[in-house]
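Single-structure report; data block below.
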Amino acid sequence: MSSSYLPVLILLGVSVANAVGMLVASHVLNPRRPTPEKEMPYESGMIPLGDTRARFSVKFYMVALSFIIFDLETVFLIPWAVAARSLGWQAFAAVAVFTGVLVVGLIYEWRKGVLDWK
Amino acid sequence: MTQLSPTVFLVFTAIKVIVVFTAILLAVAYMTLAERKVSAFIQDRLGPNRVGPFGLLQPIADGIKNVLKEETMPATANRFFFVLAPALSIVPALVTFAVIPVAAPLPTPWGVVDMVVADLPIGILYVLAFSSLGVYGLFLAGWSSNNKYSFLGGVRSSAQMVSYEVALGLSLIPVLILAGNVTLTEIVHQQQSLGFWYALPLSLSFLFFVISSFAETNRLPFDLPEAESELITGYHTEYSAMKFSMFFIAEYAHVLTASALMATLFLGGWSVPFWSGDDMFWRAGVLVAGLTESGQPILASPAWWKTLVTFVAFAVKTSFFVFLFIWVRWTLPRFRYDQVMHLGWKVMLPVALAYVILVAGTVLVLDQLGVEGFLFGSALTAVSGIATAGFIFFVDRDRILRGAPRGRLPVSSR
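Protein chains in written order, with the working numbering: chain L, 484 to 601; chain S, 32 to 445.
Okay, here's the thing in structure tokens:
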């Protein structure tokens with residue numbers, strides 16, 4: 484059924500063309516009168532101090548790691564969910580164990596304070 | 032009532048793509064007006080009323096203004112990604128709508144046309160995949176602007192969106208257990224044949240899906256990526272004119288798609304309540320209304336007026352959720368960032384996991400007991416209702432979502 488993906492490709496093409504069209508149209512039509520003040524990063528009228536590429540909280544990195552684990556779990560659950568009613572109790576037990584292992588991981592993470600934002 | 036031939040299919044596909052694309056952009060334009068009108072109503076103002084009757088031409092005026100305005104770009108910005116980011120955020124927002132069925136199949140002289148751009152076999156996975164691509168646009172916008180506030184907004188939005196994507200994905204699992212399929216047309220059909228909208232038998236899933244949709248679309252109370260009082264406007268601070276407008280369109284397109292998804296997954300999609308005349312679905316290339324006791328298909332009778340009526344039903348359900356998005360935005364205050372993260376990881380994730388197990392267990396027990404039809408739906412509604420009531424009762428009792436810590440009271444109460 485590869486032909487059922489064709490409409491998506493067409494829609495994708497139209498959307499990309501639309502996005503490019505918007506960028507080009509405003510690029511062609513708009514006036515450009517740059518001044519040094521306009522080209523400064525806007526920080527509420529203050530002259531920017533320091534570099535943007537500074538270090539930021541490691542928490543965001545931890546969130547990204549946790550996301551990968553639990554999103555993968557969701558992806559693993561989807562095939563089971565679709566067939567859950569025909570697979571019965573055996574698959575249910577397997578999924579319960581699988582979920583349980585990840586919940587233990589979540590509890591560990593929680594206790595370690597990874598999920599605390601202070 | 033058979034399927035279309037390849038050439039006719041192609042022609043109708045082209046028509047559907049253009050119609051749906053135009054409809055989304057038009058809907059988005061008028062959602063911005065609706066937002067301003069509703070906010071004006073809530074705040075006891077008039078809202079835009081100068082351009083055209085009742086301000087109805089306001090979106091067009093805004094559009095023209097945005098194209099003609101000067102665009103600014105910080106000298107220190109990364110030019111390539113700065114231009115790429117708005118495009119990257121608007122494309123997934125517009126493409127996601129493709130798999131949502133908007134009405135009952137329409138009969139034409141050339142065969143029956145499905146009222147969905149692409150009835151993909153992967154259905155809901157396509158929605159999840161494309162809607163999560165939106166985060167790249169936001170993050171790149173924040174990063175490439177080379178502005179501290181934009182950067183913070185970008186980092187915040189990516190962390191928030193990935194956190195709630197987990198809850199969003201998990202809240203869909205019970206729907207898949209019940210429907211046994213991932214295509215949205217099949218999910219709509221399963222709700223018709225069960226006689227229950229999934230909002231009832233899967234009420235906690237519904238609640239979680241609504242909450243995480245708000246977080247995914249960066250709408251209040253989850254609009255921390257663009258919190259005006261802290262970050263100017265977050266990731267799109269440096270954007271002006273059409274590029275800013277593109278982020279705006281992307282946000283509203285996401286809201287529209289999220290609303291349509293809620294209507295489809297939990298409120299029966301285009302199905303008209305308490306009426307079985309619109310039950311129709313494909314079985315082995317034939318459009319049927321249902322199966323007899325012995326498994327024989329009953330042929331469906333599609334009609335143009337049925338398509339129209341079901342489309343109105345779909346539009347009403349979707350508009351309700353769009354209105355909910357606007358209503359909540361102008362009613363609730365913003366969360367603090369630690370509260371957002373606590374709610375996502377410490378409340379919704381464990382509860383959603385437990386709920387998946389609960390629903391799976393209940394469904395298996397009911398199947399083993401041979402419970403079917405109305406009784407099945409009612410039993411599941413009761414179990415979910417207890418779970419939802421328990422969740423609402425126990426959450427926000429200051430256990431996990433805390434207010435300001437002691438000793439740092441507001442100035443007025445010191």
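Positions of the beta carbon are idealized from the N, C-alpha and C atoms, including for glycine. On a predicted model such as this, the values are computed, not experimentally measured, just so you know.
My output table needs one value for residue i: the three-state DSSP class, helix, strand or coil.
i                      : result
residue 484 of chain L : Reliability of the predicted coordinates at residue 484 of chain L is poor, the pLDDT of 48 falling under 50, and the value obtained from them is presented with this limitation in mind. The answer is coil: DSSP assigns residue 484 of chain L none of H, G, I, E or B.
residue 142 of chain S : strand
residue 312 of chain S : strand
residue 526 of chain L : strand
residue 512 of chain L : helix
residue 32 of chain S  : With a pLDDT of 45 at residue 32 of chain S, under the threshold of 50, the modelled position of that residue is not reliable, and no figure is offered here.
residue 340 of chain S : helix
residue 319 of chain S : strand
residue 328 of chain S : strand
residue 134 of chain S : strand
residue 263 of chain S : coil
Measuring straight from C-alpha to C-alpha, what distance separates residue i and residue j?
i                      : j                      : result
residue 269 of chain S : residue 526 of chain L : 10 Å
residue 580 of chain L : residue 558 of chain L : 16 Å
residue 125 of chain S : residue 55 of chain S  : 7 Å
residue 487 of chain L : residue 253 of chain S : 36 Å
residue 592 of chain L : residue 73 of chain S  : 42 Å
residue 166 of chain S : residue 189 of chain S : 6 Å
residue 230 of chain S : residue 508 of chain L : 44 Å
residue 360 of chain S : residue 250 of chain S : 7 Å
residue 41 of chain S  : residue 495 of chain L : 16 Å
residue 100 of chain S : residue 214 of chain S : 43 Å
residue 489 of chain L : residue 372 of chain S : 39 Å
Taking C-alpha atoms, which residue in the options lies nearest to residue i?
i                      : options                       : result
residue 378 of chain S : S/244, S/140 and S/422        : S/422
residue 97 of chain S  : S/292, S/367 and S/273        : S/273
residue 138 of chain S : S/289, S/332 and S/351        : S/332
residue 352 of chain S : S/369, S/220, S/107 and S/296 : S/296
residue 105 of chain S : L/519, L/496, L/596 and L/505 : L/519
residue 406 of chain S : S/75, S/225, S/87 and S/64    : S/225
residue 523 of chain L : S/123, S/107, S/120 and S/418 : S/107
residue 255 of chain S : S/172, S/218 and S/369        : S/369
residue 566 of chain L : S/318, S/389, S/400 and S/207 : S/207
residue 68 of chain S  : S/354, S/389 and S/363        : S/354
Taking residue i as the query, report the chain L residues whose CB atoms sit under 9 Å from its CB, ordered along the chain.
i                      : result
residue 182 of chain S : 535, 536, 537 and 539
residue 172 of chain S : Neighbours of residue 172 of chain S on chain L: none; closest Cβ ~13 Å, over 9 Å.
Does the beta carbon of residue i come closer than 8 Å to any beta carbon on chain B?
i                      : result
residue 491 of chain L : Judged by its chain identifiers, the structure shown contains no chain B, and its protein chains are L and S.
In chain S, which residues lie less than 8 Å from residue i when you measure between Cβ atoms?
i                      : result
residue 594 of chain L : Those within 8 Å of residue 594 of chain L in chain S number zero; the least Cβ separation is about 12 Å.
residue 488 of chain L : 149 and 151
residue 598 of chain L : 372, 373, 376 and 377
residue 495 of chain L : 122 and 126
In chain L, which residues lie less than 7 Å from residue i when you measure between Cβ atoms?
i                      : result
residue 139 of chain S : Correct list: empty, because the minimum Cβ distance to chain L is about 17 Å.
residue 166 of chain S : In chain order: nothing, as chain L lies at least about 11 Å away.
So which residues on chain S does residue i lean against when the C-beta distance must stay under 9 Å?
i                      : result
residue 575 of chain L : 388, 391, 392 and 395
Could you name the residues of chain L that residue i contacts, counting a contact when the two beta carbons are closer than 8 Å?
i                      : result
residue 469 of chain S : In the structure as shown, chain S begins at 32 and stops at 445. Residue 469 of chain S is therefore absent and cannot be evaluated.
What residues of chain S sit near residue i, judged by a beta carbon separation below 7 Å?
i                      : result
residue 478 of chain L : Only positions 484 to 601 of chain L appear in the structure, and residue 478 of chain L is not among them; the question remains open.
residue 587 of chain L : What residue 587 of chain L touches in chain S: nothing, since even the nearest Cβ is about 12 Å away.
Item to complete: Name, going along the chain, the residues of the stretch 550-561 of chain L whose beta-carbon falls closer than 7 Å to a beta-carbon of chain S.
Response: 550, 553, 554, 557, 560 and 561
Worksheet entry | Residues of the stretch 501-527 of chain L whose Cβ lies closer than 9 Å to any Cβ of chain S, in chain order | 501, 502, 503, 505, 506, 508, 509, 510, 512, 513, 514, 515, 516, 517, 519, 521, 522, 523, 524, 525, 526 and 527
Worksheet item: When you check each C-beta in the stretch 371-385 of chain S against every C-beta of chain L, which residues fall closer than 8 Å?
Response: 372, 373, 376, 377, 380, 381 and 384
Worksheet item: In chain order, what residues of the stretch 393-420 of chain S put their CB closer than 8 Å to some CB of chain L?
Response: 394, 395 and 398
Discussion item. Which residues of the stretch 195-216 of chain S have a Cβ closer than 7 Å to any Cβ of chain L? Give them in chain order.
Written reply: 196, 197, 200, 201, 204, 207, 208, 211, 212 and 213
Fill in: Short-range partners of chain L found in the stretch 264-276 of chain S, where Cβ spacing is below 8 Å
268, 269, 272, 273, 274 and 276
Discussion item. At a CB distance below 9 Å, what residues from the stretch 216-242 of chain S approach chain L? Give them in sequence order.
Written reply: none
Worksheet item: Of the residues that make up the stretch 91-107 of chain S, which ones have a beta carbon closer than 9 Å to any beta carbon in chain L?
Response: 97, 98, 99, 100, 101, 102, 103, 104, 105, 106 and 107
Worksheet item: the stretch 106-120 of chain S: which residues have C-beta closer than 7 Å to a C-beta of chain L, in chain order?
Response: 106, 107, 114 and 118
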